[in-house]
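Protein chains in written order, with our numbering: chain A, 51 to 671; chain B, 176 to 642.
Even for Gly, the Cβ is constructed at its ideal location relative to N, Cα and C.
Since we're looking at a predicted model, the values are computed, not measured.
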């Protein structure tokens with residue numbers, strides 16, 4: 051046997067493997083492109099830079115909604131070394147077993163169902179990767195992370211990551227601002243271009259309405275990333291990068307001090323306060339009581355903790371009463387009747403009707419000799435007579451048909467005052483109230499089966515008529531403006547561009563401004579003169595005009611309503627106050643309105659007793 | 176060293192020294208890129224891996240020079256002592272705390288050595304030491320058993336450490352035994368002649384056991400491929416038949432066909448012999464399929480099985496279990512023809528860390544990505560040249576001891592080279608063993624250098640030996 055020949059086995063093996071490896075390298079490195087693609091796939095990352103949301107300023111330039119940095123406690127599993135669960139749990143102030151449970155929950159949350167193409171069976175695929183970062187705890191405040199951060203170096207694999215979330219320096223205006231929450235699948239589907247899973251989106255209020263303005267522009271950065279996700283280098287020297295652009299700031303018409311004061315006054319009460327600057331339609335305050343601290347719905351942790359409580363609260367703090375609650379307006383409705391009656395020439399300024407209590411109850415007052423007095427005394431029979439004339443104008447011989455024609459005209463007038471139509475402010479979900487029309491009554495009573503006497507309670511704003519507090523405030527603004535309004539809106543300027551175009555349109559009522567003088571004079575007397583129903587609304591040195599209302603409530607105590615504007619000659623504020631179950635309008639709503647107006651006009655309150663009485667009162671069903 | 180004296184002639188093999196030197200230089204330059212620390216840019220900063228590697232090379236060269244001062248005869252005589260010392264270390268290491276699942280480090284404080292790296296060296300010496308006594312070409316059974324015992328002892332100790340890579344490398348020694356004419360014939364013949372009452376003098380399988388073994392491994396891989404698969408057949412509804420039983424079925428079918436063919440066509444004289452061969456082949460095939468399937472399906476741990484599956488391409492999980500290999504392939508493959516440039520690696524750079532273990536087991540990724548096909552093929556050439564040179568040196572030895580040792584050195588370096596580069600370019604599964612002279616690591620660097628120095632020493636004194 052020639053053993054020396056066996057060296058050939060060695061030589062062949064060495065040369066063979068050398069040649070095979072070289073060929074393989076040639077194929078891999080020179081011929082096959084897949085690895086270059088794969089390398090790019092692995093190392094080149096497109097980072098999305100989330101812009102901070104736009105800031106909200108009040109009418110005086112005070113920041114009312116801003117951003118605050120929070121921290122996520124991140125981890126990368128395969129960088130965790132010898133985790134001392136006990137010490138770690140102690141640091142985070144949780145139970146030791148929760149640490150493992152938390153890891154498990156994170157892993158579990160990345161389960162994804164996929165359908166096998168061949169078998170059609172659903173299988174669970176887990177997208178969790180040991181080398182990718184995940185949040186162990188989200189949304190820690192600066193104080194919370196400060197406690198943890200010093201100890202973090204002892205726990206390799208854990209680190210902190212800054213995130214931007216909302217911050218509300220004033221704990222008010224929750225129903226105006228709305229809140230942010232993680233995007234839902236259908237919202238994601240609607241705008242795939244912008245949103246990604248885990249993004250937040252405005253869920254209510256201005257955050258929702260101005261989402262597109264506030265969210266800004268996402269930036270992108272192309273990088274060469276490390277396996278740990280760290281940026282090693284800019285890709286192509288950053289030439290492809292685009293910066294993130296912060297959302298537009300919103301300048302609100304809201305006066306945050308007035309808003310806060312309104313919410314303070316409405317504490318322990320149910321209802322709304324809406325104040326408008328009549329000349330522009332900017333909403334100065336929009337109080338919904340009860341409300342909640344907007345900070346309690348910042349971030350997923352808070353929402354999880356507090357949302358259910360708010361939803362289950364029987365007083366419905368999440369319900370934006372000024373926009374969505376519909377009530378019979380009560381006597382404030384008489385203002386419009388007087389105006390439209392004059393315009394339609396069924397009465398004149400000096401028309402008088404007897405206070406005939408056989409038709410409808412009234413309170414003790416002298417007979418109203420003219421419109422001013424009718425408004426001042428809020429005489430129910432007066433407006434019964436007046437509206438009857440309006441509905442039955444004698445345009446048809448048949449009384450029923452006449453009523454239908456009259457109601458048609460009447461509805462048009464009401465709508466021109468912003469009633470019964472959606473008064474589309476810049477918050478979604480407003481309600482339009484109810485102005486019953488011909489079809490409405492035909493449905494209830496049958497065609498030509500009704501006339502004024504059937505529907506007479508609408509004359510004094512009871513019955514089927516329903517109005518939202520926003521519409522009431524708008525009515526106050528119309529009275530202040532003597533005949534026109536701008537749709538009430540909260541945002542007076544998006545960035546430097548002014549409000550949305552539709553808020554710059556002047557809407558005239560169907561009533562000429564000349565007819566307003568006697569009615570407005572009546573409103574002045576309501577507050578300023580003896581026998582007026584809202585003497586409590588007076589403000590020292592300022593002439594106030596107002597009108598009380600008492601909305602009948604079949605479920606309990608009547609609601610207290612008051613609308614007003616001031617100063618009389620050059621109105622700067624128009625206001626509507628609605629206090630549920632508070633009885634007569636002059637008792638509760640009027641003083642609240644006056645306090646609000648005084649606060650806004652003078653900056654301080656002269657009558658501390660009045661203020662004290664309101665603050666200490668508690669009116670809940 | 177200068178030719179200062181007439182008597183002294185520089186007899187060390189220049190070519191081998193040159194190749195190793197070039198590899199060391201390549202290795203250091205490459206490690207500098209692979210482990211670069213911006214805060215310690217100096218090559219001689221011993222806080223960095225390149226600084227340390229330089230130190231290890233120095234240590235290796237120092238040890239090598241010391242050994243070179245010893246006469247090769249004494250090297251031979253010291254062999255059992257050295258083997259025993261390393262053996263003790265191999266036992267001691269079993270009592271240490273495992274690091275990354277393997278008990279391979281023995282050390283005090285920051286300094287540690289891996290006895291398994293040195294055991295390759297001492298085992299190579301020891302095998303040479305045992306075989307050297309044989310004068311003729313036929314080697315006695317006693318020597319075969321001794322060699323087998325030494326080899327198995329070292330292999331098992333390494334296996335207990337959970338060091339799969341080194342364990343595999345020990346199988347390299349079978350090639351050396353093959354070269355020395357140590358066959359497994361005696362064992363095979365013992366069984367065949369006693370159990371089957373044959374009177375065979377030698378078998379082809381026994382003589383060429385190692386090449387045959389590799390053929391068997393090839394079929395073993397095919398077995399692995401099918402062992403787990405489930406097959407259902409139309410005529411056997413409901414039942415799913417596992418792949419391994421189908422393989423056994425096919426073997427049985429082939430056996431029966433072969434048997435009938437023999438009965439019909441073979442001459443009376445050959446019939447008995449051929450039938451025996453058929454039966455032996457059949458039963459050993461069944462045994463092999465059975466053992467491999469059983470081990471694969473029942474004995475292997477999950478992660479080992481996954482590794483095999485990934486390597487076989489049965490499953491793909493480029494971001495999960497196959498992460499290391501996928502990143503390594505992407506790094507090497509993205510090198511292109513001329514590479515991305517020194518210290519310009521995107522994937523395997525120390526900053527990006529996409530390739531794990533890029534200083535040790537996956538050091539070739541850095542080289543492949545930065546130097547491309549051009550650099551890689553030069554490296555292949557260098558290693559092949561080194562190995563071929565070692566074969567040439569081995570074959571010119573007069574002493575069997577020297578030849579066995581040099582062949583052992585060659586085949587061990589070859590195993591390291593083949594397995595390491597193989598996993599880096601995706602033709603072998605991931606088995607963590609260092610690339611000689613390139614990977615960072617004190618023990619392996621010193622062990623390889625010492626081996627090279629001993630080769631040089633033995634070769635330089637080859638003429639003093641009377642064969």
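- The DSSP assignment places complete beta strand (DSSP E) segments of no fewer than 3 residues inside the stretch 176–238 of chain A at 183–190, 208–217, 230–232, in order along the chain.
- Just so you know, the alpha carbons of residue 559 of chain A and residue 109 of chain A end up roughly 28 Å apart.
- In the three-state reduction of the DSSP assignment, residue 580 of chain A falls in the coil class, being assigned neither a helical nor a strand state.
- Proximity of residue 74 of chain A to chain B, defined by a Cβ-Cβ separation below 8 Å, is satisfied.
- Proximity of chain A to residue 562 of chain B at the Cβ level (cut-off 7 Å) is accounted for by 64, in chain order.
- By the criterion of a C-beta distance shorter than 8 Å, residue 238 of chain B is surrounded in its chain by 621, 624, 625, 628, once the five residues flanking it on both sides are discounted.
- In the displayed model, residue 116 of chain A falls within a strand according to three-state DSSP.
- Residues of the stretch 517–531 of chain B that bring their beta carbon within less than 9 Å of a beta carbon in chain A comprise 521, 522, 524, 526, 527, 528, 529, 530, 531, in sequence order.
- Here residue 188 of chain B is not near residue 557 of chain B, since their CB atoms are 8 Å or more apart.
- Here residue 538 of chain A carries a coil assignment [DSSP, helix/strand/coil].
- At a cut-off of 8 Å between C-beta atoms, residue 334 of chain B does not count as an interface residue with respect to chain A.
- Under the 8 Å criterion on CB atoms, residue 175 of chain A is classed as non-interfacial with respect to chain B.
- With 16 or more neighbouring CB atoms inside 10 Å of its own CB, residue 340 of chain A falls in the buried class.
- Within the stretch 498–512 of chain B, those residues whose Cβ lies closer than 9 Å to any Cβ of chain A are, in chain order, 498, 501, 502, 504, 505, 506, 507, 508, 509, 510, 511, 512.
- Note on geometry: alpha-carbon atoms of residue 405 of chain A and residue 522 of chain A lie some 26 Å from one another.
- Per DSSP, the continuous alpha helix (DSSP H) segment holding residue 441 of chain A begins and ends at 430–441.
- For residue 306 of chain A, the enclosing alpha helix (DSSP H) begins and ends at 306–315.
- C-alpha of residue 520 of chain B to C-alpha of residue 541 of chain B: approximately 7 Å in a straight line.
- Here residue 373 of chain A is buried: its Cβ has 16 or more other Cβ atoms, across all protein chains shown, within 10 Å.
- For residue 655 of chain A, there is no enclosing alpha helix (DSSP H), as DSSP marks it with neither H nor E.
- When C-beta distances to chain A are compared with 7 Å, the residues of the stretch 356–370 of chain B below that value are 356, in chain order.
- Collapsing the DSSP output to three states places residue 634 of chain A in coil.
- Its chain contains 278, 280, 281 as the residues whose beta carbon lies nearer than 8 Å to that of residue 271 of chain B, once the 5 sequence neighbours on both sides are disregarded; these appear in chain order.
- For residue 455 of chain B, the enclosing alpha helix (DSSP H) covers residues 443–469.
- For residue 526 of chain B, the three-state secondary structure derived from DSSP is coil.
- Runs of the beta strand (DSSP E) spanning 3 or more residues and lying entirely within the stretch 522–577 of chain A occur at 534–536, 541–544, 556–558, in chain order.
- Per DSSP, reduced to three states, the secondary structure at residue 335 of chain A is strand.
- Residue pairing of residue 629 of chain A in beta bridges, as defined by DSSP: A:321, A:610.
- Below the 8 Å Cβ cutoff, chain B contributes no neighbours of residue 287 of chain A, its closest Cβ being approximately 14 Å away.
- Non-local beta-carbon contacts of residue 527 of chain A in its own chain, meaning distances under 6 Å to residues more than five positions away in sequence, involve 326, 328, 535, 624 in chain order.
- In the DSSP assignment, residue 535 of chain B is bridged to no other residue.
- Here the alpha carbons of residue 538 of chain B and residue 157 of chain A stand approximately 33 Å from one another.
- Taking 8 Å as the threshold, the shortest C-beta distance from residue 222 of chain B to chain A does not fall below it.
- The CB of residue 555 of chain B comes closer than 8 Å to the CB of 68, 71, 72, 75 in chain A, given here in chain order.
- Interface flag for residue 54 of chain A against chain B is set, since a Cβ pair is found closer than 8 Å.
- Ranked by Cα distance from residue 421 of chain A, the options A:130, A:444, A:386 are led by A:386.
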